[in-house]
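Visitor: Please see the structure below; I have some questions.
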Amino acid sequence: MSTLSQFDVLALRREFPILQQEVNGKFVAFLDSAASSQKPRQVLDCLEDYYRRYNANVHRGVYKFSEEATFAYERARGKVARFIGAASPRELVFTRNATEAVNLVARAWGDANLRPGDRILLTLMEHHSNIVPWQMLAARVGAGLDYLSLDDEGRLVLEELDTKLTERTRLLAVTHQSNVLGTINPVSYLAERAHAVGAKVLVDGAQSVPHMPVNVQELGCDFLVFSGHKMCGPTGIGGLWARREILEAMPPFLGGGSMIKVVELDHSTYADVPARFEAGTPAIAEAIALGEAVDFLNRVGMSAIRWHEFELLSYALERLAEVTGLTIHGPHGTEQRGGVISFTLAGVHPHDVAAVLDSEGVAVRAGHHCTQPLHRRLDVPATTRASFYIYNTAEEIDRLVAGLEKAKRLFA
Ligand code: 7TS
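Here it is in structure tokens:
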């Protein structure tokens, strides 16, 4: 692998305490960042700093801790909003994760806007969290679901837009990058097509926001969802971005404290956005630490991160081509493809592959990766998946390849 990365990977690795540990005498090659990323020291310090120095609830106290917590929480909202190109922090709702953000849209926007006979267009590569909430919505309102198919390299069959995108389609919900295939979808084109028939567009950015520059204005979508834990932030915090006028027209999802203006005995009026969608005490430390994660990612540079992963992907595809019996499920080239590689090894169960790799200190995930419809399309019950992030190196890919050869020796 060439060393064209625009940052010093080994220096960056040292910022991740978990990667400094040895397990069974080896450093762990962590190749499962698509499931959840590791956290740099500054994010860990930020969490602790909140609890040690100014822990208090937000948006209520007039005392110093609460004011500082409120300021930090809202400053984090601004950082995250800017990170994705939002026009205003008011367009950014903190949620628990991408899943909760999709459910919020399905409940708040979907229930108010969909009618019997309406259609929701999805794709066969969606994560369950971008399928199940729409199935539930469809069942509530009497709408139907359509799915864009995939070609044999795991790319969307765009010709189907001509028939599957109709004036009955109210929403296109599509992942920006597949968590299994690595395919990067042409979101701005899809948004243009969907808008032409009057449909709204939700982009699942769970696998793109952590890995490439993402700007909602350029994507042209109406909703973007993402998870903090996949982008060097803590668990329990994520985001929903929505166009201001859409968000302002949406009724609340959950009722409770913080989301109201006036509560009478038999009815209430609701707070302005985004507070309307943040009922109850939020994940304060986590939101602030997500802002810190955004600072970290900005320091490294999102274009540099994308480039680093592209280099790892190119090297991995080259090395994995040497492994006989290996099938890669996803685009064969590096074009419009992110750093996620799912594969099957002839004659070895994907879980056994993962177990052998684990014994070599290589952490990967095996299973259906919450994409059962996709695995049915691929016609395999499960795959093994390696996914890359800023801290991964070519040497770790060499260890992956060596581990696969060992799995073949053990099981063939
Ligand atoms: N959308 C995509 C594309 C994802 O990859 C995931 C999580 C989600 C949504 C849901 O994110 P959550 O934070 O709300 O759970 N994907 C994975 C994965 O590939 N392995 O573990 C989680």
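In numbering that gives the first Met the number 0, the protein residues as written are 0 to 411. C-beta atoms are modelled at their ideal positions from N, C-alpha and C, and glycine is treated no differently. Computed from a predicted model, the values in this text were never measured in an experiment.
1) Would you mind listing the beta strand (DSSP E) stretches within the stretch 313-362 that are 3+ residues and don't spill past its ends, in chain order?
2) Do you know offhand how far S1's Cα is from E310's?
3) Mapping the DSSP letters down to three states, classify R114 as helix, strand or coil.
4) According to the Cβ coordinates, are G329 and E152 closer than 8 angstroms?
5) Closest to P233 by CA distance: which of F93, I396 and K163 is it?
6) Take V8 and list the residues in its own chain whose beta-carbon comes closer than 6 angstroms to its own, dropping the five residues that flank it on each side.
7) In terms of residues, what are the limits of the beta strand (DSSP E) holding V293?
8) Beta-carbon within less than 8 angstroms of D18's beta-carbon, same chain only, minus the 5 sequence neighbours each way: which residues are those?
9) What does the alpha-carbon distance come out to for the pair L157 and E73?
10) From which residue to which residue does the alpha helix (DSSP H) around V42 run?
11) Going by C-alpha to C-alpha distance, which of K405, H374 and A362 sits closest to E21?
12) DSSP on R398, reduced to helix/strand/coil?
13) Could you tell me the distance, in whole angstroms, from the CA atom of Y146 to the CA atom of G366?
14) Between which two residues does the beta strand (DSSP E) harbouring A365 extend?
15) For my contact list, S302 and P212 are in at a C-beta cut-off of 8 angstroms; report their separation, rounded to the angstrom.
Guide: Result, derived from the coordinates:
1) 325-327 and 339-344
2) If you number the sequence shown from 1, residue 1 lands on position 2. If you number the sequence shown from 1, residue 310 lands on position 311. Because S1 sits at a pLDDT of 48, beneath the cut-off of 50, its placement in the model cannot be relied upon, and the following sentence gives the value as read from the coordinates. Taking the straight line joining both Cα atoms gives about 8 angstroms.
3) Translated into positions along the sequence shown, residue 114 becomes position 115. The answer is coil: DSSP assigns R114 none of H, G, I, E or B.
4) Here residue 329 is taken as the residue at index 330 of the sequence shown, counted from 1. Here residue 152 is taken as the residue at index 153 of the sequence shown, counted from 1. Cβ atoms of G329 and E152: closer than 8 angstroms.
5) To locate residue 233, count along the sequence shown from 1; it is residue 234. Nearest C-alpha to P233: F93.
6) The residue labelled residue 8 in the question sits at position 9 within the sequence shown. For V8, where only same-chain residues beyond five positions count, the Cβ hits under 6 angstroms are T392.
7) For the purposes of this step, residue 293 is taken as residue 294 along the sequence shown, with counting starting at 1. Where V293 is concerned, there is no enclosing beta strand (DSSP E), although the alpha helix (DSSP H) it sits in stretches over I283 to V299.
8) Residue mapping note: residue 18 aligns to position 19 of the sequence shown, counting from 1. In the sequence as presented, Asp is not what sits at residue 18; that position holds Leu. Excluding positions up to five away in sequence, the list reads R12, F26, V27, F29, Q37 and Y390.
9) By one-based count along the sequence shown, residue 157 stands at place 158. By one-based count along the sequence shown, residue 73 stands at place 74. Rounded to whole angstroms, L157 to E73 spans 40 angstroms at the Cα level.
10) The residue given as residue 42 occupies position 43 in the sequence shown. Residues R40 to D48.
11) Position 22 of the sequence shown, counted from the start, is the residue given in the question as residue 21. Comparing Cα positions, the closest option is A362.
12) Residue numbering aside, residue 398 sits at position 399 when the sequence shown is read from its first letter. Reduced to three states, the DSSP call for R398 is helix.
13) In the sequence shown, the residue the question calls residue 146 occupies position 147. In the sequence shown, the residue the question calls residue 366 occupies position 367. Going from the Cα of Y146 to the Cα of G366 covers about 22 angstroms.
14) Indexing the sequence shown from 1 puts residue 365 at position 366. Element bounds for A365: R364 to G366.
15) Position 303 of the sequence shown holds residue 302. Position 213 of the sequence shown holds residue 212. That belief holds up - the Cβ atoms of S302 and P212 are roughly 6 angstroms apart, short of 8 angstroms.
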